[in-house]
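Numbering (the working numbering), first residue to last: 125 to 501. Step one of this worksheet: look at the structure below.
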Amino acid sequence: MKDPVDLRAATLDTIAAVLPMERRDELAELLSDQDVETLRHLVNEGMGANTLRALTSDLAYLQAWSLASTGDALPWPAPEALLLKFVAHHLWDAEKRLTDPDHGMPADVEQKLRIQGLLRSPGPHAPDTVRRRLATWSTLTKWRGLDGFFSSPAFKSAIRLAVRATPRPKKRKSAKAVTGDILSRLLATCTTGSLRDVRDQAILMVAFASGGRRRSEIAGLRIEQLQPEEPIQIDEAPPLPSLSIHLGRTKTSGADNDEVVYLSGRPIDALNAWLAASKIDKGSVFRAIDRWGNVSRQPLDPKAINDILKHRAELAGLDPAEFSAHGLRSGYLTEAANRGIPLPEAMEQSRHRSVQQASQYYNSAQRRSGRAARLMD
Numbered sequence: 125m126k127d128p129v130d131l132r133a134a135t136l137d138t139i140a141a142v143l144p145m146e147r148r149d150e151l152a153e154l155l156s157d158q159d160v161e162t163l164r165h166l167v168n169e170g171m172g173a174n175t176l177r178a179l180t181s182d183l184a185y186l187q188a189w190s191l192a193s194t195g196d197a198l199p200w201p202a203p204e205a206l207l208l209k210f211v212a213h214h215l216w217d218a219e220k221r222l223t224d225p226d227h228g229m230p231a232d233v234e235q236k237l238r239i240q241g242l243l244r245s246p247g248p249h250a251p252d253t254v255r256r257r258l259a260t261w262s263t264l265t266k267w268r269g270l271d272g273f274f275s276s277p278a279f280k281s282a283i284r285l286a287v288r289a290t291p292r293p294k295k296r297k298s299a300k301a302v303t304g305d306i307l308s309r310l311l312a313t314c315t316t317g318s319l320r321d322v323r324d325q326a327i328l329m330v331a332f333a334s335g336g337r338r339r340s341e342i343a344g345l346r347i348e349q350l351q352p353e354e355p356i357q358i359d360e361a362p363p364l365p366s367l368s369i370h371l372g373r374t375k376t377s378g379a380d381n382d383e384v385v386y387l388s389g390r391p392i393d394a395l396n397a398w399l400a401a402s403k404i405d406k407g408s409v410f411r412a413i414d415r416w417g418n419v420s421r422q423p424l425d426p427k428a429i430n431d432i433l434k435h436r437a438e439l440a441g442l443d444p445a446e447f448s449a450h451g452l453r454s455g456y457l458t459e460a461a462n463r464g465i466p467l468p469e470a471m472e473q474s475r476h477r478s479v480q481q482a483s484q485y486y487n488s489a490q491r492r493s494g495r496a497a498r499l500m501d
């Protein structure tokens with residue numbers, strides 16, 4: 125009879141396409157049989173790969189923390205006292221810790237998590253990380269058909285007070301937005317005509333012009349998602365080619381929604397140049413290229429989109445540490461604001477659902493030169 129850990133590892137192999145399999149053995153140790161079965165069910169239900177990876181990572185952390193702090197696996201549902209313990213271990217006052225070593229996460233718990241590579245930075249956790257892990261915990265509790273204490277007044281109050289004790293400046297996913305001028309500098313490094321240059325130019329232009337698409341959406345783009353549209357006639361100029369991209373279900377869309385965005389003009393030319401040069405007529409659009417110039421049959425890993433952008437930033441004489449793939453998303457909205465495009469129109473292309481989130485980029489672009497900032501002029 126096989127060991128339970130080996131059986132869980134074998135089950136994890138069946139969902140390797142969406143889980144971080146470099147951690148397969150570690151996950152098999154941490155997760156229970158029911159945890160693994162839940163993950164397999166979510167794969168079969170079509171949960172997005174990035175969402176499932178995040179959920180799996182959070183679940184593994186929660187299980188590891190429970191084992192380290194209580195000696196037992198997570199109970200379902202978790203008692204309110206355990207939820208409060210989780211908050212106390214992760215959101216605490218760094219200054220009070222200087223005079224009270226027992227404040228916050230106990231040293232032995234911290235040491236166990238560090239040995240497993242689950243804790244890297246010193247100090248309290250970021251409030252957003254704690255909220256996300258608690259949300260994962262709550263969701264998994266509901267999926268088991270159980271009621272938890274995540275909405276109890278005492279628990280909500282504990283989180284609110286703990287967040288106040290651990291103020292942190294909110295950092296953007298990309299320190300700098302890839303606006304139109306930055307994008308032009310990146311594209312200027314893609315002019316040798318090499319297969320890699322042709323591909324990277326298409327990636328940058330398509331990702332930006334389609335509303336600042338997420339790296340997972342660009343890496344996973346397939347020929348079958350592209351639909352030619354009627355050319356666009358603007359005044360007396362030659363008509364512009366038009367193309368729709370059917371994104372299907374995205375991070376922010378409903379389960380049954382087919383999100384659609386549009387390309388026109390130069391990005392389509394760049395995309396067609398790549399498809400012709402790579403001889404791709406079906407399957408994944410953007411693929412790896414080996415040192416001999418051979419195009420892989422497999423799609424690019426989402427991380428590769430980030431690496432490509434940083435590489436192009438370095439070639440353009442920019443600091444790659446200041447840019448990431450998310451900069452294309454924030455840069456699209458920032459550029460739209462700079463050009464006076466109404467927010468609702470830009471959101472139709474970016475597919476942001478939250479006006480508050482999308483308007484942050486508009487506010488950043490307009491406040492600096494707005495009348496409210498020039499009252500003394």
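Note that the Cβ used here is the ideal one computed from N, Cα and C, for glycine as well. Here the structure is a predicted model, which means the values were calculated and not measured.
Span of the alpha helix (DSSP H) holding residue i?
i	result
histidine 213	204-214
alanine 401	390-402
leucine 155	No alpha helix (DSSP H) holds leucine 155; DSSP gives it neither H nor E.
glutamine 325	319-333
aspartate 232	231-239
arginine 288	277-289
lysine 266	251-267
serine 308	304-311
threonine 223	218-223
Since residue i sits in a beta bridge, which residues does DSSP pair it with?
i	result
leucine 364	Ile356
leucine 387	Leu367
glutamine 187	According to DSSP, which records beta bridges pairwise, glutamine 187 is partnered with nothing at all.
glycine 372	Glu383
Output the boundary residues of the beta strand (DSSP E) element that contains residue i.
i	result
glutamate 472	Note, glutamate 472: premise wrong, no beta strand (DSSP E); alpha helix (DSSP H) at 467-474.
valine 419	419-423
alanine 412	411-413
Consult DSSP for residue i and reduce its assignment to one of helix, strand or coil.
i	result
alanine 482	helix
arginine 346	strand
serine 454	helix
glycine 441	coil
serine 408	strand
glycine 378	Caution applies to glycine 378, whose pLDDT of 49 falls short of 50 and renders its modelled position unreliable; the model cannot decide the point.
Cα separation between residue i and residue j?
i	j	result
tryptophan 216	aspartate 252	14 Å
glycine 272	threonine 260	12 Å
glycine 464	aspartate 405	38 Å
isoleucine 327	alanine 461	23 Å
arginine 309	valine 322	15 Å
leucine 222	leucine 285	19 Å
serine 115	glycine 335	Outside the shown range of the chain, which is 125 to 501, sits residue 115, and nothing can be said about it.
valine 233	histidine 435	39 Å
phenylalanine 332	tyrosine 456	6 Å
proline 468	lysine 209	43 Å
proline 203	alanine 449	40 Å
asparagine 418	arginine 244	38 Å
serine 474	proline 466	13 Å
asparagine 430	aspartate 324	11 Å
glutamine 349	threonine 316	29 Å
If you check the beta carbons only, do residue i and residue j fall under 8 Å apart?
i	j	result
arginine 256	aspartate 182	yes
proline 365	glutamine 357	no
alanine 343	aspartate 425	yes
leucine 206	alanine 197	no
leucine 176	leucine 166	yes
glycine 451	alanine 250	no
phenylalanine 410	leucine 367	no
threonine 265	tryptophan 200	yes
valine 384	leucine 395	no
Cβ of residue i versus every heavy atom of the ligand FAD: is any distance shorter than 7 Å?
i	result
leucine 163	The ligand FAD is absent from the structure shown, which contains no ligand whatsoever.
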